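Asker:
Chains as they are written, first to last, in our numbering: chain U, 8 to 252; chain Z, 8 to 252.
Shown next as structure tokens:
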């Protein structure tokens with residue numbers, strides 16, 4: 008995983024984007040994650056890619072026993088300690104590739120919009136499985152495979168078009184899994200495209216029981232606040248998985 | 008499910024298409040189904056949407072004990088009896104919506120490219136579950152959700168385009184599940200679009216254990232015989248599921 012959040016310019020742009028409450032994290036991703044979340048009361052939680060810790064403080068307010076919140080970015084962990092610190096949350100700089108070093112078991116592993124940055128998904132799932140207590144839950148969101156398949160280039164920066172009044176996205180390379188480059192806040196970000204079938208097979212191979220899979224949709228309220236979210240009907244931004252050990 | 012195969016003109020055009028060995032059923036779908044097939048030796052098999060029975064006679068040659076092969080189309084069942092008859096195969100005209108009337112249990116339920124014609128997928132899976140012996144297998148193929156999402160119209164009959172030398176399909180409506188109309192061999196055919204997530208959730212809800220999910224790809228040999236199959240890398244025609252009771 009590349010650590011763009013420790014690029015100072017990127018981090019500041021990202022922070023100002025997140026401070027604006029009208030964004031896809033707040034209006035689309037977070038409500039769906041909350042709706043799929045198992046009961047956290049009295050539970051120990053591991054958060055992978057915790058960012059500024061806004062969910063970790065919520066877990067504690069919802070009655071979680073303790074949270075280990077990890078992120079690759081020192082900037083993010085410093086920010087999280089500052090704005091969302093709590094005696095029952097441990098914030099820790101840790102790459103997701105290194106979680107097998109954690110000497111603790113958890114009832115719930117939670118991860119929001121980080122898994123598409125990870126190259127070796129099978130290893131990640133195996134590590135998570137080993138960190139879960141029996142019957143523990145994995146809940147995560149990622150960019151949807153419908154979304155990660157498209158690699159923007161200088162040539163195709165217009166990734167959508169309207170033909171006779173009907174809206175279409177351009178679509179290609181669904182079966183070509185692997186690296187996708189994109190420029191985000193002027194920084195080159197590397198993501199990994201995996202198909203839905205690969206996600207399912209990796210979960211099955213790593214002995215997870217899939218409970219639910221979901222693609223993102225926008226509520227009427229979200230569409231009112233940000234009209235372009237109506238296009239979630241054509242191409243969901245995010246995919247969500249709830250699975251059990 | 009609409010029964011276009013009993014429209015005589017459609018049936019004749021379909022038969023002549025299938026007689027040409029260079030088609031996606033023979034070069035793409037069938038090899039993948041065979042590769043995912045559980046051991047059929049000594050097993051009882053139910054085939055849903057058997058067409059001309061070409062797989063049913065293969066099951067018997069591969070050592071299956073017996074096959075009940077069903078299809079909605081009288082034309083197809085007559086053809087199957089004629090060209091692929093065997094004392095251990097019972098060919099029967101039966102709508103997939105009526106399989107709960109079958110008074111027999113099976114080790115394997117097999118279905119090739121028929122489930123996308125069925126509106127109530129949950130009921131179908133529940134019926135299949137009830138027809139399987141303990142630990143029995145469901146193996147099926149359908150048009151891929153990547154493929155069923157697009158509804159061809161007079162306006163967008165050009166469903167693909169090349170931008171700066173790069174190939175793209177037009178893509179829309181992924182989250183709008185339900186009916187899709189298309190004209191095939193001059194007949195209006197109704198299909199149902201379901202997302203990958205819905206397929207997974209329906210299998211889980213109906214107590215199936217998913218073993219493998221796969222999207223179609225074309226072998227080098229298939230691409231040599233039919234160059235357009237190289238586009239399977241962009242948009243797979245078919246999706247396959249192997250699941251267990």
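For every residue, glycine included, the Cβ atom is placed at its ideal position computed from N, Cα and C.
Here the structure is a predicted model, which is why all the values come from computation and not from measurement.
Along chain Z, in chain order, which residues have C-beta atoms closer than 8 Å to that of residue 243 of chain U?
Answerer: Near residue 243 of chain U (Cβ distances below 8 Å), the residues of chain Z are 181, 182.
Asker: What first and last residue would you give for the beta strand (DSSP E) that runs through residue 174 of chain Z?
Answerer: Element bounds for residue 174 of chain Z: 173 to 178.
Asker: How about the stretch 43 to 60 of chain Z and the stretch 78 to 85 of chain Z: do they share at least three Cβ pairs that are nearer than 8 Å?
Answerer: Segments in contact, yes.
Asker: Going along the chain, which unbroken runs of the beta strand (DSSP E) with 3 or more residues stay wholly within the stretch 203 to 239 of chain Z?
Answerer: DSSP runs (the beta strand (DSSP E)) wholly in the stretch 203 to 239 of chain Z: 216 to 222.
Asker: On the premise that residue 251 of chain U lies in contact with residue 142 of chain U, defined as a C-beta separation below 8 Å, what is that separation, rounded to the nearest angstrom?
Answerer: Right, their Cβ atoms sit about 6 Å apart.
Asker: Would a check of beta-carbon distances place residue 221 of chain U closer than 8 Å to chain Z?
Answerer: Taking Cβ atoms only, chain Z reaches closer than 8 Å to residue 221 of chain U, which makes this a yes.
Asker: Which residues mark the beginning and the end of the alpha helix (DSSP H) in which residue 42 of chain U is found?
Answerer: Segment 37 to 43, the alpha helix (DSSP H) holding residue 42 of chain U.
Asker: Would you tell me roughly how many angstroms separate the C-alpha atoms of residue 185 of chain Z and residue 54 of chain Z, rounded to the nearest one?
Answerer: If I take the Cα positions, the gap works out to 25 Å.
Asker: Could you work out which residues of chain Z lie near residue 202 of chain U, taking near to mean beta carbons separated by less than 8 Å?
Answerer: Those are 222, listed as they occur along chain Z.
Asker: Let me confirm a value: residue 56 of chain U is counted as buried when at least 16 other C-beta atoms fall within 10 Å, else exposed. Which label applies?
Answerer: Residue 56 of chain U should be labelled buried.
Asker: Is DSSP giving residue 122 of chain U helix, strand or coil here?
Answerer: Helix, per DSSP.
Asker: Which whole-angstrom value describes the C-beta separation of residue 71 of chain U and residue 89 of chain U, a residue pair presumed to lie in contact below a C-beta threshold of 8 Å?
Answerer: Their Cβ separation, rounded to whole angstroms, is 21 Å, which puts residue 71 of chain U and residue 89 of chain U out of contact at 8 Å.
Asker: So, residue 201 of chain Z versus residue 152 of chain Z, is the Cβ gap smaller than 8 Å?
Answerer: Yes. Within cutoff.
Asker: For residue 134 of chain U, I'd like the list of residues in its chain whose CB is within less than 6 Å of its CB, leaving aside the five on either flank, ordered along the chain.
Answerer: Hits under 6 Å: 106, 107.
Asker: Nearest to residue 227 of chain U by alpha carbon, out of U/28, U/35, U/19?
Answerer: That would be U/35, whose Cα lies nearest to the Cα of residue 227 of chain U.
Asker: Quick check on the DSSP output: the alpha helix (DSSP H) that includes residue 87 of chain U runs from which residue to which?
Answerer: Its alpha helix (DSSP H) spans residues 81 to 91.
Asker: Does any CB atom of chain U fall closer than 8 Å to the CB of residue 37 of chain Z?
Answerer: Output row for residue 37 of chain Z: interface = no.
Asker: Comparing the C-beta of residue 117 of chain Z with each C-beta of chain U, is any distance below 8 Å?
Answerer: False, the Cβ-Cβ gap to chain U never drops below 8 Å.
Asker: Quick one, which of Z/122, Z/65, Z/12 has its alpha-carbon nearest residue 44 of chain Z's?
Answerer: Of the candidates Z/122, Z/65, Z/12, the one whose C-alpha sits nearest the C-alpha of residue 44 of chain Z is Z/65.
Asker: Would you list the one or two residues that DSSP bridges to residue 65 of chain U?
Answerer: None, per the DSSP bridge assignment.
Asker: Leaving out the 5 sequence neighbours to the left and right, which residues in its chain are closer than 6 Å to residue 97 of chain U when beta-carbon positions are compared?
Answerer: Contacts found: 75.
Asker: Find the nearest neighbour of residue 245 of chain Z within the set Z/223, Z/230, Z/237, Z/233, judged by alpha-carbon distance.
Answerer: Selected option, being the one with the closest Cα: Z/223.
Asker: Do residue 181 of chain U and residue 242 of chain Z have their beta-carbon atoms positioned less than 8 Å apart in this structure?
Answerer: The answer is yes: Cβ separation under 8 Å.
Asker: Residues of chain Z with a CB under 7 Å from the CB of residue 208 of chain U: which are they?
Answerer: Near residue 208 of chain U (Cβ distances below 7 Å), the residues of chain Z are 219, 220.
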